[in-house]
Amino acid sequence: TDSTTKVAESASTFFERPVDVTMFSDYLKYVKVPMDVSTVVNNIEAGLYVYAEDFECEVNLIFKNCEAYNIPKGNRHMVRLAKYC
0 TDSTTKVAES ASTFFERPVD VTMFSDYLKY VKVPMDVSTV VNNIEAGLYV YAEDFECEVN
60 LIFKNCEAYN IPKGNRHMVR LAKYC
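Counting from 0, one number per residue, gives the positions in the sequence shown under our numbering.
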């Protein structure tokens, strides 16, 4: 495993499961449509993506949500970390 893969593996942990809104109680104030990797995988397995663009849109939503929640809170390190996923 190279150094980029190691960064990507640890960075992706934050995006694998839905955000715990009991831990981040203000999350839904910033994010209107939550999305995470496990939901995308479930949608693939359920055959919900008709077009590649549907898949792409939901994957991009993960990162847009990261920006929507973290930038206003000054957590730019989380946004930078997302680039390694």
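Glycine included, C-beta positions come from ideal geometry on N, C-alpha and C.
- Collapsing the DSSP output to three states places Glu15 in coil.
- For Ile70, the three-state secondary structure derived from DSSP is coil.
- By alpha-carbon distance to Val40, the top candidate from Asn64, Lys72, Asp53 and Ala81 is Asp53.
- With contacts defined by Cβ atoms closer than 7 Å, Val30 and Asn64 form a contacting pair.
- From the listed residues Thr38, Glu44 and Tyr26, the smallest Cα separation to Lys72 is found for Tyr26.
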